[in-house]
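Quick note: the UniProt record's numbering has the sequence shown finishing at residue 359, numbered continuously throughout. Just so you know, even glycine gets a beta-carbon here, dropped at the ideal spot from N, CA and C. Take a look at the structure below.
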Amino acid sequence: MDSKAILSLIDLALGGDPRTLRMHLHKIAVKSGRQDPEFSEKILSRLSASGLRSVQPVKPIPVDSDSRLNLVRVESPVIMEEAPIYAEEILALLDQVVLERNSASRLMAEGLSPAKSLLFQGPPGVGKTMTARWLASRLGLPFLTLDLATVMSSFLGKTGNNIKAVIDHASSFPCVLLLDEFDAVAKRRDDDRELGELKRLVTVLLQAIDEWPESSILIAATNHGDLLDPAIWRRFDLEISFDLPSEEMRKAYIKSYWPELTNHASDLALFFGDVSYSDIDRSLRKAKKKSILSEAKFINCITGVAESKPGNKVETKKKDVIRLAGEGMSQRAISTALKISRPTVKKIMDQHNECRDAQ
1 MDSKAILSLI
11 DLALGGDPRT
21 LRMHLHKIAV
31 KSGRQDPEFS
41 EKILSRLSAS
51 GLRSVQPVKP
61 IPVDSDSRLN
71 LVRVESPVIM
81 EEAPIYAEEI
91 LALLDQVVLE
101 RNSASRLMAE
111 GLSPAKSLLF
121 QGPPGVGKTM
131 TARWLASRLG
141 LPFLTLDLAT
151 VMSSFLGKTG
161 NNIKAVIDHA
171 SSFPCVLLLD
181 EFDAVAKRRD
191 DDRELGELKR
201 LVTVLLQAID
211 EWPESSILIA
221 ATNHGDLLDP
231 AIWRRFDLEI
241 SFDLPSEEMR
251 KAYIKSYWPE
261 LTNHASDLAL
271 FFGDVSYSDI
281 DRSLRKAKKK
291 SILSEAKFIN
301 CITGVAESKP
311 GNKVETKKKD
321 VIRLAGEGMS
331 QRAISTALKI
341 SRPTVKKIMD
351 QHNECRDAQ
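Structure representation (structure tokens):
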């Protein structure tokens, strides 16, 4: 090893920059592999031993000093029976994150780091939290969630201390840490309506993201990306935007999570329209309870259509068309829900409108 390389290592060690130091040592190990394989192997083994910390926390879970409640929720191991339903571009990004994490040593040998900080943004109920759990499950890491209700405090400086305690705890062992509702603690510092305490939180978070270890993943999720401080965006390795699921994604979701409705998946994907997964799930659970208690068909409870009585099917269908149209449902969706043609739906609506206008 030449004197220049040795001096660089000394500077890094004295400067307290373990991340860059590990990268330089990886490079040295790779370069010396051909000339001195034994020396190269010793360097890599030491790096591996120091980098693979126990997946079990070495510190107790931090608690709020007043309420004594845990500041973070822990799930380990993470068990998911069904994989989330993603658009192809989002799935490609998540697969890339997993690949980088599993190839961390190879990347670091070339002076590169695997993605360690992710920002999820999108409307509520589209799978941001589930995706964080899914990554933890794929990587075999504990899943930690910041308990925002416990962390937030009205006392000056208390919230910042709580968040710092959570981040210090999560940094002490490999894990996936989710900071949900991130906009509540990382708001724009130029917002005059916010207190100085919340503005100071941004500085705490910026420092935490910069110092986050490569052995773990920090995920921040927000429903309101426009509220985040501009400096926050630049700190994350990757930003993933989640949209409301498409018709095909809704269909796949119903088949995967509600297999008893597989035969109706196509119709229901159209029936629900542009809504989130959580909205679909909430509606299906409500309809399931109704079907059990009323002993009615599940599918009829979902669409809100009562079974027609013998001899009165035509009038019942007309009433159902008018009722569903009044609830804002499109003619196409009504046609799917009632299993009648769109021209028939249009004819019923035209007749209804004519009668209403005549009155």
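- Straight-line spacing of the CA atoms in G273 and M152 works out to 37 Å.
- If the five residues before and after F298 are omitted, its C-beta is found closer than 6 Å to the C-beta atoms of S291, all from its own chain and listed in chain order.
- In this chain, the alpha helix (DSSP H) harbouring Q96 covers 88 to 102.
- Contact between S137 and P174 does not hold, since the beta-carbon distance rounds to 14 Å and is not under 8 Å.
- As computed with DSSP, Q121 is found in a beta bridge with T222, S241.
- The C-alpha of G328 lies about 17 Å from the C-alpha of R356.
- Judged by DSSP secondary structure, V151 falls within the alpha helix (DSSP H) whose first and last residues are 148 to 151.
- Shown here, I217 sits in a strand according to DSSP, grouped into three states.
- Note: T145 is bridge-paired with R73, L178 in the DSSP secondary-structure output.
- With a cutoff of 8 Å on beta-carbon distance, D243 and N162 are scored as not near each other.
- The beta-bridge partner set that DSSP reports for V63 consists of N70.
- Between S266 and the set L69, A231, K42, Y253, the nearest pair of CA atoms involves Y253.
- The three-state reading of DSSP puts I348 in helix, counting H, G and I together.
- At a Cβ-Cβ threshold of 8 Å, L144 and V176 count as neighbours.
- For E41, the closest C-alpha among the options A109, L268, R68 is that of A109.
- S117 counts as buried, since no fewer than 16 other beta carbons sit within 10 angstroms of its beta carbon.
- Counting C-beta pairs closer than 8 Å gives fewer than three between the region 120 to 132 and the region 165 to 174, which falls short of the contact rule.
- For S335, same chain residues with a beta-carbon under 7 Å away, outside a window of 5 residues either side, are S341, R342, V345 in chain order.
- G273 carries a coil assignment under DSSP once its states are collapsed to helix, strand and coil.
- Three or more Cβ pairs closer than 8 Å define a contact, and the region 230 to 248 meets that threshold against the region 80 to 94.
- Listed in chain order, the non-local C-beta contacts of D279 below 7 Å within the same chain comprise G125, local neighbours out to five positions each way being set aside.
- The residue among F236, N223, A221, H224 with its C-alpha nearest the C-alpha of E211 is F236.
- In the structure shown, D320 adopts helical secondary structure according to DSSP, grouped into three states.
- Residue burial annotation: H264 is buried, with at least 16 other C-beta atoms found within 10 angstroms of its C-beta.
- With 16 or more other Cβ atoms inside 10 Å of its own Cβ, R250 counts as buried.
- Following the DSSP letters along the chain, one finds N263 in no alpha helix (DSSP H), marked with neither H nor E.
- Taking the Cα of T159 as reference, the smallest distance to any Cα among R133, W134, T203, E75 is reached at T203.
- Here S32 has F39, S40 as same chain residues with Cβ atoms under 7 Å from its own Cβ, once five neighbours each way along the sequence are excluded.
- In the DSSP assignment, A165 falls within the alpha helix (DSSP H) that extends over 158 to 171.
- Rounded to whole angstroms, the gap between the alpha carbons of A287 and S105 is 50 Å.
- Cβ neighbours of G140 within its own chain (closer than 7 Å, five residues either side excluded): none.
- The Cβ atoms of D147 and L71 sit closer than 8 Å to each other.
- The shortest C-alpha to C-alpha distance from M80 to any of Y257, E354, A333 is the one to Y257.
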